[in-house]
Amino acid sequence: MGNALSPRIDSAQKSGILQLSGLKLTKLPDDAKNLVNIRCLDLSSNRFELIKPWIGRLHSLKVLNVENNKIKCFPTELCHLTKLETLNANQNALTSLTPPGTVANFGNLQNLRFVYLSKNHLTVFPAELCCPSIPINVLDLSDNQISLIPSCVSVLQAIEINLNHNLISVVAKSIAECPRLKVLRLERNKLVLDEFPTELLTNSQVSLICVEGNRFEMRDFYSLPGYSQYMDRFTAMKKKTT
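Each position in the sequence shown, counted from 1, maps to that position plus 85 in the working numbering.
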C-alpha cells in the first residue's frame, strides 16, 4: 500500500491536502511524517485504531478528518496543532480525548472552531475543551453516553452544543454563564423537569433550546419560570434569520 500511496503523498506536497479516505488503512505511511506544511488531512472511513504522536509535527494543519474509524483516543500531541480549525472524529470508538492519566494543554488550540465527536463511546463531557482560549463555534457530542454537564462548562466558548441522544440527567446551572452559547440541543436524554436549570431561560443568551424526548411533558416545560423570556430571545433570533 505504501507505494500505491506515493502519488497521493507527492500531490499533497504541492496542494497541502492529503486525501486518504476509504482506503482500509490501519496506519499512516511513514512518508506522511514529512508533510509538515499540509493544511488538510483526510483519513475518514479507514480502520485506524490510533493516531501516532507524530501528528503533532503537522504544525500547519487546519482540518483533521478521522470520521468513521476505530480510534479510542488521541495522543496528547494533538494539542501541538495550534492552527487546527476543524476536528471531525464522528463515528469512532472514543472513550476520552486523550489517554487517561495524561496531561494535554488543549488551551493551545486557539483556532479550533468546529469539533465533531458524534457517535462515539464518551461517558464524560470533555472538560478539556472548557477553556476560554478555544474559540469553538460548534461542539457536537450527540449519540454518546454522557450523563452530566459539569460546572466547568461555564467557560466553554461554544455557540452551539449538540448533546442529543445521550444519557444527560444533570445539567450544571453554570451553563447559563456560557458567554457565547446560542443553541443547546438536549433531545432524547434522561432529564427530569426538576433538574433543568431555569437559569437557561431567565439569565442566558441562549435563543434555541431543544429538549424534546426527555422525562417530562413539553407542556410542563412551557410553564417553567422564565419561559416567556426565553421565547422573547427565540422570536428575536427568528426575525434576524428571516
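Where is the CB? At the ideal position from N, CA and C, for every residue including glycine.
In this text the structure is predicted, and so the values were computed from the model without any measurement.
Using CA atoms only, rank isn't needed, just tell me which of Ser100, Pro92, Phe133 and Asp225 is closest to Asp116.
Here residue 116 corresponds to residue number 31 of the sequence shown, with the count starting at 1. Among Ser100, Pro92, Phe133 and Asp225, the Cα nearest to that of Asp116 belongs to Pro92.
Keeping to the same chain, check which residues put their C-beta closer than 6 Å to that of Cys158; ignore five residues upstream and five downstream.
For the purposes of this step, residue 158 is identified with residue 73 of the sequence shown, where counting begins at 1. Excluding sequence neighbours, Cys158 sits near Ser181, Thr183 and Pro184.
Would you mind stating whether Leu103 and Leu120 have Cβ atoms separated by less than 9 Å?
Here residue 103 refers to the residue found at position 18 when the sequence shown is read from its first residue. Here residue 120 refers to the residue found at position 35 when the sequence shown is read from its first residue. Cβ distance < 9 Å, so Leu103 and Leu120 count as in contact.
Does the beta-carbon of Val238 have 16 or more other beta-carbons within 10 angstroms, so that it is buried, or is it exposed?
Residue numbering aside, residue 238 sits at position 153 when the sequence shown is read from its first letter. With 16 or more Cβ atoms within 10 Å of its Cβ, Val238 is classed as buried.
Alpha helix (DSSP H) segment containing Asp127, residue limits
Indexing the sequence shown from 1 puts residue 127 at position 42. Counting along the chain, Asp127 falls outside any alpha helix (DSSP H), though it belongs to the beta strand (DSSP E) covering Cys125 to Asp127.
Span of the beta strand (DSSP E) around Asp225
Residue 225 sits at position 140 when you count from the first residue of the sequence shown. Counting along the chain, the beta strand (DSSP E) containing Asp225 begins and ends at Val223 to Asp225.
Give me the DSSP bridge partner(s) of Asn153.
Residue numbering aside, residue 153 sits at position 68 when the sequence shown is read from its first letter. In DSSP, Asn153 forms no bridge with anything.
Between which two residues does the beta strand (DSSP E) containing Phe199 stretch?
For the purposes of this step, residue 199 is taken as the residue at position 114 of the sequence shown. Element bounds for Phe199: Phe199 to Tyr201.
For the segment 244-306, which segments carrying the alpha helix (DSSP H) assignment without a break, of at least 4 residues, lie completely within its bounds, in sequence order?
284-287 and 303-306
Between Leu226 and the rest of its own chain, which residues show a CB-CB distance below 8 Å, the 5 nearest in sequence each way excluded?
As a first step, residue 226 must be located in the sequence shown, where it is residue number 141. For Leu226, where only same-chain residues beyond five positions count, the Cβ hits under 8 Å are Leu202, Ser203, Leu207, Phe210, Pro211, Ile246, Asn247, Leu248 and Asn251.
Consult DSSP for Thr327 and reduce its assignment to one of helix, strand or coil.
Walking along the sequence shown from the start, residue 327 turns up at place 242. It is coil, neither helix nor strand.
DSSP three-state call for Asn119: helix, strand or coil?
One-based indexing of the sequence shown puts residue 119 at position 34. DSSP places Asn119 in helix when its eight states are reduced to three.
Taking the straight line between their C-alpha atoms, what separation do you get for Leu197 and Asn175?
The residue given as residue 197 occupies position 112 in the sequence shown. The residue given as residue 175 occupies position 90 in the sequence shown. Each residue's alpha carbon lies about 16 Å from the other.
Would His144 be called buried (16 or more neighbouring beta carbons within 10 Å of its own) or exposed?
Counting from 1 along the sequence shown, the entry for residue 144 is found at position 59. Per the 10 Å Cβ criterion, exposed.
Who does Val148 pair with in a DSSP beta bridge?
Counting from one through the sequence shown, the residue named residue 148 turns up at place 63. According to DSSP, Val148 bridges with Cys125 and Thr171.
On the DSSP letters alone, give me the boundaries of the beta strand (DSSP E) that Ile219 sits inside.
Here residue 219 refers to the residue found at position 134 of the sequence shown. First-last for Ile219: undefined, no H or E at that position.
Apply the 10 Å Cβ neighbour rule to Val151 and answer buried if 16 or more other Cβ atoms are within range, or exposed otherwise.
On the sequence shown, position 66 is the one that residue 151 refers to. When all chains shown are included, Val151 counts as buried.
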